[in-house]
Structure formats: C-alpha cells, structure tokens
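Structure record follows, encoded as structure tokens.
4 protein chains.
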Amino acid sequence: MYSFKNDYSEGAHPRILNALIESNLVQDEGYGEDKYSQEAIDLLKQKLGRTDIDIHFLTGGTQTNLTSISAFLRPIDAAIAAHTGHIFVHETGAIEATGHKVITCDARVDGKLTPKKIKGVLDSHPDEHMVKPKLVYISNTTEIGSIYKKRELEDLSKFCKENQLILYLDGARLGSALCSEENDLKLSDLPDLVDAFYIGGTKNGALLGEALVICKESLKEDFRFHMKQKGALLAKGRLIGIQFLELFRDNLYFELADHANKMASKLSDGIRQANLTFLTHSPSNQIFPILPNALVNELQKDYLFYNWEKVDAENSAVRLVTSWATREEEVMRFVERILRFCQTESR
Amino acid sequence: MYSFKNDYSEGAHPRILNALIESNLVQDEGYGEDKYSQEAIDLLKQKLGRTDIDIHFLTGGTQTNLTSISAFLRPIDAAIAAHTGHIFVHETGAIEATGHKVITCDARVDGKLTPKKIKGVLDSHPDEHMVKPKLVYISNTTEIGSIYKKRELEDLSKFCKENQLILYLDGARLGSALCSEENDLKLSDLPDLVDAFYIGGTKNGALLGEALVICKESLKEDFRFHMKQKGALLAKGRLIGIQFLELFRDNLYFELADHANKMASKLSDGIRQANLTFLTHSPSNQIFPILPNALVNELQKDYLFYNWEKVDAENSAVRLVTSWATREEEVMRFVERILRFCQTESR
Amino acid sequence: MYSFKNDYSEGAHPRILNALIESNLVQDEGYGEDKYSQEAIDLLKQKLGRTDIDIHFLTGGTQTNLTSISAFLRPIDAAIAAHTGHIFVHETGAIEATGHKVITCDARVDGKLTPKKIKGVLDSHPDEHMVKPKLVYISNTTEIGSIYKKRELEDLSKFCKENQLILYLDGARLGSALCSEENDLKLSDLPDLVDAFYIGGTKNGALLGEALVICKESLKEDFRFHMKQKGALLAKGRLIGIQFLELFRDNLYFELADHANKMASKLSDGIRQANLTFLTHSPSNQIFPILPNALVNELQKDYLFYNWEKVDAENSAVRLVTSWATREEEVMRFVERILRFCQTESR
Amino acid sequence: MYSFKNDYSEGAHPRILNALIESNLVQDEGYGEDKYSQEAIDLLKQKLGRTDIDIHFLTGGTQTNLTSISAFLRPIDAAIAAHTGHIFVHETGAIEATGHKVITCDARVDGKLTPKKIKGVLDSHPDEHMVKPKLVYISNTTEIGSIYKKRELEDLSKFCKENQLILYLDGARLGSALCSEENDLKLSDLPDLVDAFYIGGTKNGALLGEALVICKESLKEDFRFHMKQKGALLAKGRLIGIQFLELFRDNLYFELADHANKMASKLSDGIRQANLTFLTHSPSNQIFPILPNALVNELQKDYLFYNWEKVDAENSAVRLVTSWATREEEVMRFVERILRFCQTESR
C-alpha cells in the first residue's frame, strides 16, 4: 500500500535527523532558550526581512492556533473563519475551549475569506448581546488546497486594519502555498500583510514544529507565558530550533515544498489526461479529483487516501496529498492505474 | 562550562535517534495511530501487568498534567497538591487556566502529601461556597527530590478511594524514583495504587514525550478528544511511540535512570565527605546541598546549576541535577573541586 | 409612546410586589435556603407531578443557560442549537466562554430542531478531531414565536435518549408556549420529555427569576456549587422564591401568559384584517408581521417595537411582543392605526 | 429565634419597596438602559465627584468579582488576595473558573494586604514558568470586619501604580466601612485610589444589587459585553437602578450602614462589659467575640449566628453580624443574656 493520505506519513527529511545527531550531546539551555533556537529565530528574521518581529516555536498547528488566538483575544472577542477553516472543523473545539466563539463565513467555492464576507459578520454583530468579531483566521494553503494571491491578502489586510481586526494566517502548509505555480507572494511579504502567522514545519519535512511569527507589536507581550500555560514550551525546545535551522539554513524548506507540489501537479496532469475533473481548483500539494466510485474502489486496493465527499450516485471526490517524501515512481504508477482504468472503461 | 542545571540539557539517547532513523521513511498513520505507538502501548501494558488500562503519548509534563486534570474534573472540582507541587508553582497557572483551583498543603519537610494533610483540606471545604477537592496530585520523585515509599502510596491510595478522590501521579522523574536505592515500588504496582500517572520520557533520555497511563475506567472515555482539544495530538505521533518502544524494548529506561541516580549519589557522597549538609533528603537524581557562598561562586566559574534558596548569610542551597547523559568524569571533577575548596578553607 | 418592544418593559405583577412587602421583615436563611424558596420548590414539584426532580432559582435566562450547560457537559462536549437559538445568537458567546462549541442547524422556517437535523450533526462529527455533540438546546416558545407540539417533543426526546444526548429546553417564554391556542403540551409533560428545562419568570410577570428543573438524575449532583461558581446564588435568594410561590400559588402564572397571548392574538387578527401577512407562524406572545415601510414609519411615531428584517424594498418584518402588562386599549388603538393606514393606502 | 447570622436575612428597606411600587407600571428600556439606572448612575457619579468613571449594576458580589476580574485580566494574569479574601475562600473557585489563579498573602492578624506583602508575591513570580500577578484584590470592610485607613489605601495605591498592578476593592460592605467610627475615608476618595470597586447594595438594604465603578480608563472598554457574557445583564435592569437611586437620593445608604455599625457597637460594648475579648479588631458591622462554649450553647437556644472557630478547649469565636434591619431591642436582650450568663458564672 502506498499512501497519499496526508503529508505527515513519514518521519523527517534526513538532513534534519543528521542535524539532531550532530548536536545531540551538546549541553544547552532548556525551554527554547538554547542557541539553536536563537539562531533559527535570527535566520528566520533575516529571511522575513524584519527584526521587529517575535518568533516562537511550537509543536503543532492546533497548539499554535489555540495558544495564539487565546493570547490575542479578550474573553468577549471571537474569531472569524471560513466554514471550512481548520479551527472551526478539525480542532475539537480548541478555540471555544479557551472561551472564544468561532464565527463562520460560507466559503464553499474556494475556502477563502474576503472583505465582503467579513463585513457581513461585522454588520450582524452590532451590540453587547453578541460577541465582538476581532480576529480573522485564514489558512494558506486553505483546507481545500487553494491559495491566496497577493492582491487578495492585501485587500484583507487593508480591511482588517480599517476595522481593528487582527489578521492571523495559519501556515501549516505555507511552504506549499509559496511554492505553488500560481503564487505571487513572497515569505517576506507576510509580516507587512498579517498580524501573526506560522510557518508550518510538521507538514513540510520536520518531525514536528511550527514557527509562529508575531508581527504586531501589541500581540507580542509575554507570549512565552501563554506558551507555558498551554503546555507548549518544550523542555528540550532545541528539538524544534535545530529543525528550523536546518530547513532555512539554505533553501531546503522551499525545495521540499516544491517537490510536494510537483508531485501533486503530476497527479493532476494524469487525472486531467484521463478526462476527470476536480472538486476545487488547488494548485498546491492537496488535490481533490472526482473519480468514478469503481475507480475509487480499484485504487483503494493499493493506495491510501481520504474519501472527501460523495458528488453524485456514481462519483466521489477524494483527497490526494503529496509531500516532501512522496516518491515520483509511485505517482507515476498511480497515474497509470487511473489511465488504464479509464481506457478500459471507455472501451 | 559543564551543566548540572537539569536533566534536559542534551538531546536523546543514541539508541532513540537510531530508532528514528531506521523507521524514518516507513509510511504510517498519523495522530498516534501508527504501529510504533501501538506496539509501545502494548509493551508498556505488559510491563505494567495490566491490559485494562489506557495509554496515551503526550509531549511534555505541563501538557500531560493540564490535559488529564481538566479531562478528569468537573468545573467545580479542584486539585490538591503540595505547596511545592509543579502544577501549583511552575506551570504558569495551567490548571487554573482550564478552570480549576489548586488547593495546597504545606509540604515543607519532604514535598509529600499524606492522608492527614488531605483530610485537612476536605474538612475545610464543607459546602457549595467552596470548590470540591476532587483530585490529589502527587509527584514521584517529588519536586525536591524525595520519593514515595510503597507504604505511603498505599495509604494515600486507600484514603483517596474512601473519599472518592482521584489519585494522580506526576511521573516526570518516575524513572529516577523507581531506581532510587531507597525505592520499594515496582512500576507494575502503580496501576493498582493510582488512578492515573505518567511515565516521564523527556527527563529520562527521550527527545520529548510522556506516557500517560489511565487506570480508572471512568477516566478513560474519549481521552483522545481531550488531547486533540488541548493541542496534544502530534500529527507525527509516531515520534513519541518510537521513543517509548526503544526505551522499554529492554531495560534501557531503567538503565538511564539508574545512571542518573548513581551520578547524583556520587555527588552526594563527595559533598558529604566535605562535611557539607543538604536541604532535603533526596535519594534521586536531584540533590540540594547547602554550600558556603564562596564555594558557590567558585563552582559557578565552571559549572551551571540553580541557586535554590538562601539558607543563612553565608550559605545557600543549590540544586544539582544529573541525567542519563551526565559524564562520570565531570562528576568526579566537580567533587574534587568541592573537596579542594573545603580543605583550603579548613586550614 | 407605547412599547411592544419586549415582555420586560414593566416591573412585576402587583401580587408579586405585595408578596415581597408582606414577607419583607421576616428573617430567613440566605442563598436560597429560606422557607419561601423551599415552599416554591415543593409547589412546583406538585404542579410538575414529580418529586424526583431538582429545582433551582436563577436570575435570568443567559445565566441559567450558561450555568446548566457548562455543568452538564465535559470539556469536549458541544451543544446543538437552531441557528436562531438564543445561546448561539444573543448571549455574547456565554456558552463558548465556558468552553463549549455551539453547533447550529438551519431552522429558517420555524426556529425548531428535529431528529433529522440533529442526526445530520452527529453524522458529521465522527471522530476526535471534532467536538462531541452532546446536548440539544431547544426553546419553547422559539426565538421566532413558534411552539413545539407534544409529538415533536416526543420525537426529539426519543431520538436524544437513543443517542445519549441531553435534551435541554429554554423556557424563557414557556408560559406563552403552554397557553398558546395551538399548544397540546402540559407543564407536567415536560419532566418526562426533557432532561432539564427552565420555567421563565422574568418574561412572565416576575421582577427577575427563572426556575431551573433538572429531571435527569445524573445532572443533579452538586448543582448549587455550579450556581455559586457562576455568581448565580443570590444572597437574598428568597427574592426569587417568593415570586415563584406567588406565581404558582394558584393559576397566576398561566393567567399572565394567557393575557399576553390574547393581546398578541388581537394584534394578529387586526393585522390579518388589514390583509397583511407574517414572516413566521407564531401562535404566542411574539408576532412578526410584514408591514409596508411607510406604515412602519407611521407607527414608530407612537409605538416602540423592533425592526426585525427587511423583506423587500417596500416591506419590513417587525417584531411585536405583548406581555402580562400589555393594555388592551393600546392593542386596539394600534390595530386601528394599522387599519386606518391600510384603508387610506388602498384608496 | 433572632438572627445575627448575616446582613441579608431580611428583604429590603421599605423605601426601596416603595420605589419599586411607584415605578412598577412605567414602561422602560431593558438591560439597564432604562432611565432609573441612568439617573442612579448620574447620581453616583455626583457623589463620587467624577464624571470620567463608568458605573454598572450587577446582582451580587461573586458575580461582580468574577465579571470584573475576568474582564480586566489576560489569560496569564493572576489576582493577589489576602488568604481570607472572599474570592479565594468563598466563591467556589469562581475566579479560577474564568482561568485565573488567585495568589494569597497571609493576613491572619487583620485580613489586610500591604505593599510589603504584595512585593513578596512579585518577587517570587519572576518568569514565564509562573503566572503574572496583575490585580490586587482587597475588601473594605475585610472579611473579618477590619477596615482600611486612608493612609493604608494610599500606600497600596501608590505601590500598585508603580508596579502596573490593578487595584480592585470589593465593597460588599463598603457602607459599613465608610460609616465606621474609625474610618477616615470618603466615598469620593475611592476613584482616585483604586482602579475599580463596587458599592454593595445587597448587604446594605437592597433586595439585590452592587454598583461597580470602573475608574481606570483602560478597564472600561466593552464592559457590558462582559456582563452579558457572564449572565450579569438583567432584562429588567431597572430593578437595581431603582434601588440605588433610592439609596443615594439622600443619605439613606449611609444611614442604613450607620445603624448596622451602631448595633454592632452596642453588641461589642456589652460583650466587653462582660470581660470577654475578641478574635479581631473589627470596628464595623461584623464582630468576632470569643465566648465560653457554655455561653455559645446558651445563646444558640434563641439566636442564630456562625461559630467562626475554636479558640481553645473551652472557648470559641463566633461571628455576629448586624444590618440596617437589626432591631435595637434584640441587641439589648442579647447583651443582657451575655451579662447575666457571665455574672452567674463568676459567682
């Protein structure tokens, strides 16, 4: 069985393991105050072109989202998210567990928020009988594989500033977004556009780890206290620092994401060649082809992937995810299998 | 500089890194449902002599404590801890942040709770104007290096059962406790004595990871939901499973703890030889010698350790911690330094 | 100006004020342990035909909802509500502030939940990456004036029991529901059908006060602790006990609700006579007629009421609420004003 | 039986009931936006000599404390209180339930905090492994009947300002404090000295109600949202507004507190005359005489009061509370009973 189920099916890129081995017996400070973490932070600041930002390493996406959002909001404040947003759907109510409502906007077509949608939320929350919408949560790539273009992010940024809203970007798959063929954003554009975001490590070659970047001055204060309180300060914080240092020492982070995207692209090309269509437009490492149920059954004999949703009586959308570790020969075999099936069918 | 500051100054035991390397490219399920985690759980159940227990892997002590305690308690319930207890002092109010008061008992002498102390808490919480004391939190080793003898734990266990109290044991340094020369507890005694506990990995040779063991049936339900909600389900959950599998595959876990204890013991012996005394009796990998301030200053030129507290105008207690990675030659050098200092002084 | 804005524009029914005066200087216990509260509880148990239920007095609807729901749920549990539900829309995120997500079902037509809608929620919450839907929140009357028929409630009750869901009924306007011409439910039916509900006092003639009835055994434990923790135990708890005693001593509670309904009915009749229609079918003390904007403007010169929503360019739905205190002559004057306007217009 | 158990054993001062009756059928806005509440707020601002303060009416002390403190603090912030403080002891963990630790200082002698004690707390909370002490909670009168002198409050105020601490005063019995013979504070001194405080109504003649005064600009924002979220916005908010309007229309509030103090003073004088002593110095409406157990038993035949604590084998401290409603003849009878007992004993 080969898995296209997700981008966290393997361990870490070998260079990361090597970095752990090399540093293993060096003694250093605990709780992220080690020199590796400090160097990784300095390096990321360089890549982001800013020194007036704070960077913290956390272990995973849900932890990063809940620690940040609960630190940034007052008890009466709510987050706004796409109805497909990870914090609304797939974090077991983690944000609500810290006391905050998540208000959703319909984002059926592309998984994205727009100023217009957010405006609608503001208008329907006029007084003290309702929560205060205060933070806008977006993901790039989105949960359905789409990406934000620079212009879209600029519009959101402007709207949020004008309306005193915090703009927060979940970058669990930021690597894939920035390496997408359709992307026109640079990593260093982000600190100007959003108030906080994270650079996902777990889904792009690290064992674990996300780098939270806090850009807005007023959100920085005492953040390590929030991390400790939420159980997010690792005693051996170096574990994440070392990994980010390796990922950003040269271009490794982007090479890994680029590979994942290329593999997804090859899958898409093959699927298109078989005259099959897609549920959403997703120029990233997650694709959602619509396949005949018989083909789905056939593929499931040798491949693991998620059934995303039933499209009609005979067809289903599935989710295929590629990663830094996806092997090209498996991609080719998978595509051939589809083509073969479709040729047989069409005869 | 050599550090006796804590037991998380290095990476992981080399065998653990090897296990990560060997499994690195094998594809497996996410979120702790991989075969490594499952095997590690089965192995731990064997070692604990029980199949009717649930085991979960979390990343660190604070996370394990807050996820468990908030899962086990109703909103009105409180935890009882020694005033030195980690959840009361050193977790940035993590338990309170989940809504629960931590009630303390004075434990100045030995950092331990007793039925009598807990009884005092119950008696002073008679009605609905006060919280309900519901969970007893103990640590073994304690935060000041002492250990619970089997008889003490049996007494606590009996008292808690009689009073419908949940008994929870923080085992961040359980390895050191069980390998102490004074210990008469077996790992497999614990499921009968406490309702939940964790086996600490971070402080005994792992990169990160604690194995939470839930023994009481009513506390097991839906625990993975609580983990996800608190950001404690790693996408690459295998990372912790692989480590515990390696630690318990043979006797490695205990060998590492034993080494740490032996190193602490050598430090203690040397310090005693210099006619110096200790703040607490700690037959484990943390010791608290009382040193003349001049000696503290001298040692700090080459060693890192915590100043614990001022004892009198001329003397201070310091904390020395050893680990699986502590080098014996450094221990010997440190002891010689002390002896030399004391000889010079006494002349 | 006369107000049809809500059912809490005046003080209390005069008999309630008299009861307060008469008992005023009698000394009694605090925090709801006075004899008035005890008598009121006994009386309500009689009216409900059950002795195995617990009754508590709280000050208002939001407080009752948040105290109950947070007491009944574990951290990972969520409530299910109509998208129009009070806890979702108009309580400033009070439920989320206690840590619980509110999942909504579309209830555009009638503001009600059905087994089918709830089933949809259960089906879309299959695993630990999502919260556990655990409590079903309904209101009777609903937020848009509709009522649950006995059969509908029986179906919900059966479904909830089969699916281990707690069924909770918000009875802020329960008097109006039970006195509706279309109602076929008795107050004493409720303990068999729902797990907890409250009998609203504030909106039916009391100064303040709601009587929470807990029917399900497992939800009763330590409820006064939860009340105290949420600031819901009045020092002079007698204040609410005395009022409920007066409301249920004879038939006063139902007479007041009946008056409110009759006044709403007269308003509806008059509006229908003017050939105007309604946004929803509401056989209770809240009605939502659709009026020409010009008529709305005309009426607003002398009457207070809420603009509910724009229906089209020329028409708006408004909300008219009647109460125990609504004066019939004002109702008649209001109707005449509408009829006069419509006659003039139609000429 | 006559009760000296507390100051909330009766209803309300008759003038308050009259005010409710007179306003009863006037229609007005809900949720505290009525003209009575607005007038009461204006009146209180006058009495406080400040227009730049915000005033809100809540139903009780615990509700006021939990709503304020949770609104004022960030998740990582803690309150500091005397170990006798109401929020620490008698509110069922209400503050912790909103996520905040309450750190205590020993206040055995007089129930009061001092800059020195608070300094000790700050010094022992140096880094992110511990909560941030951020709000100082004091009560006046304190829970054991003592009062803060102006100089003490000025010292606390200065210290808090210098250390960026919020100073919050619980005024459940502020009337009694300000009318104490030993008092040198004026009501209008408070806004300059503390950041927020409340003027207690429940324990000084109202049916229910506390007036929260927010003095510090940064604490004012969106406070009504916090109230609604905590269930503290009464639909008939006028109920509290009308009462405070009556209490402060002239000098009624202070006359009631003065009566309570006078009655306590007469009790104290009598007890002193019998050569009995007191547990604490309490120049207010709560006194804590130490009585022979036999006398306690004798008195309990006809009087209700709390046994406070055992002093030695033969003597106990009891708590006697007087109020606006305490009848002087009952006070005299009680004193006579004590004197008679002591004379008999001494013979």
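Chains as they are written, first to last, in full-length UniProt numbering: chain A, 1 to 347; chain B, 1 to 347; chain C, 1 to 347; chain D, 1 to 347. All C-beta atoms in this analysis are idealised placements derived from N, C-alpha and C, irrespective of residue type, glycine included.
What are the start and end residues of the alpha helix (DSSP H) that includes residue i?
{"i": "D:H226", "result": "F223 to Q229"}
{"i": "residue 349 of chain C", "result": "Only positions 1 to 347 of chain C appear in the structure, and residue 349 of chain C is not among them; the question remains open."}
{"i": "C:P126", "result": "Where C:P126 is concerned, there is no enclosing alpha helix (DSSP H), given that its DSSP letter is neither H nor E."}
{"i": "B:R340", "result": "E328 to S346"}
{"i": "B:H259", "result": "L252 to Q273"}
{"i": "A:G200", "result": "That residue, A:G200, is in no alpha helix (DSSP H); its beta strand (DSSP E) goes A196 to G200."}
{"i": "D:Y36", "result": "K35 to L48"}
{"i": "C:L219", "result": "Segment: none, C:L219 is in no alpha helix (DSSP H) and carries neither H nor E."}
Apart from the five residues just before and just after residue i, which ones in its own chain have a Cβ nearer than 8 Å to its Cβ?
{"i": "D:T104", "result": "I80, A81, A82, H83, G85 and F88"}
{"i": "D:R15", "result": "E246 and L252"}
{"i": "D:K112", "result": "A82, I138, T142, S146, Y148 and E152"}
{"i": "C:L178", "result": "L185, K186, L187, F254 and A257"}
{"i": "C:K266", "result": "E328, V331, M332 and V335"}
{"i": "C:R249", "result": "L43"}
{"i": "residue 364 of chain B", "result": "Any property of residue 364 of chain B remains undetermined from this structure, which presents chain B solely from 1 to 347."}
Using 8 Å for Cβ pairs, my map puts residue i next to residue j. What's the rounded Cβ distance?
{"i": "D:I21", "j": "C:L17", "result": "6 Å"}
{"i": "A:L256", "j": "A:G175", "result": "7 Å"}
{"i": "B:V296", "j": "B:N307", "result": "7 Å"}
{"i": "D:N64", "j": "D:L208", "result": "The question names Asn, but residue 64 of chain D in the sequence shown is Thr. So it is not a contact: roughly 11 Å between Cβ atoms."}
{"i": "D:G61", "j": "D:L233", "result": "At roughly 17 Å, the Cβ-Cβ gap does not stay under 8 Å, so D:G61 and D:L233 are not in contact."}
{"i": "B:I271", "j": "B:I338", "result": "6 Å"}
Taking the continuous beta strand (DSSP E) assigned at residue i, which residues delimit it?
{"i": "D:I87", "result": "Per DSSP, D:I87 belongs to no beta strand (DSSP E); it is in the alpha helix (DSSP H), H86 to V89."}
{"i": "D:I242", "result": "Premise fails: D:I242 lies in the alpha helix (DSSP H), R238 to R249, not in any beta strand (DSSP E)."}
{"i": "C:E210", "result": "E210 to I214"}
{"i": "B:V311", "result": "Run containing B:V311: none; DSSP gives neither H nor E here."}
{"i": "B:S139", "result": "K132 to S139"}
{"i": "A:F57", "result": "D54 to L58"}
{"i": "B:C105", "result": "V102 to C105"}
{"i": "C:L169", "result": "I166 to D170"}
{"i": "B:P14", "result": "Element bounds for B:P14: not the beta strand (DSSP E) but the alpha helix (DSSP H), P14 to S23."}
{"i": "A:L291", "result": "P289 to P292"}
Beta-carbon within less than 6 Å of residue i's beta-carbon, same chain only, minus the 5 sequence neighbours each way: which residues are those?
{"i": "C:L165", "result": "V136"}
{"i": "B:H226", "result": "T67 and A71"}
{"i": "A:E10", "result": "A325"}
{"i": "B:H259", "result": "W324"}
{"i": "A:F244", "result": "A40 and A211"}
{"i": "B:D7", "result": "K203, V321 and S323"}
{"i": "A:F159", "result": "P115"}
### Query
Counting Cβ pairs closer than 8 Å, one from the region 163-176 of chain B and one from the region 295-313 of chain B, do we hit at least three?
no
### Task
Quick one: which residues of the region 67-97 of chain D get their C-beta closer than 8 Å to a C-beta of chain C? List them in chain order.
T67, E91, T92, G93, A94 and A97
### Query
Which residues, taken in chain order from the region 122-138 of chain D, show a beta carbon closer than 7 Å to some beta carbon of chain B?
E128, H129, M130 and V131
### Task
With 8 Å as the C-beta to C-beta threshold (strictly closer), list the residues of the region 227-252 of chain B near chain A in chain order.
K228, Q229, K230, G231, A232, L233, L234, A235, K236, R238 and L239
### Contact list for the region 51-68 of chain B against chain A, Cβ threshold 9 Å
L58, T59, G60, G61, T62, Q63, T64, N65, L66 and T67
### Query
the region 194-207 of chain D: which residues have C-beta closer than 9 Å to a C-beta of chain B, in chain order?
none
### Query
Is the number of C-beta pairs between the region 151-164 of chain A and the region 90-107 of chain A that are closer than 8 Å three or more?
no
### Query
For the region 22-40 of chain C, which residues have a beta carbon sitting closer than 8 Å to at least one beta carbon of chain A?
none
### Task
Evaluate the contact criterion for the region 218-234 of chain A versus the region 43-52 of chain B: three or more CB pairs, one atom per stretch, below 8 Å.
no
### Task
May I ask you to list, following chain order, the residues of the region 282-316 of chain C that have a beta carbon less than 9 Å from some beta carbon of chain A?
none
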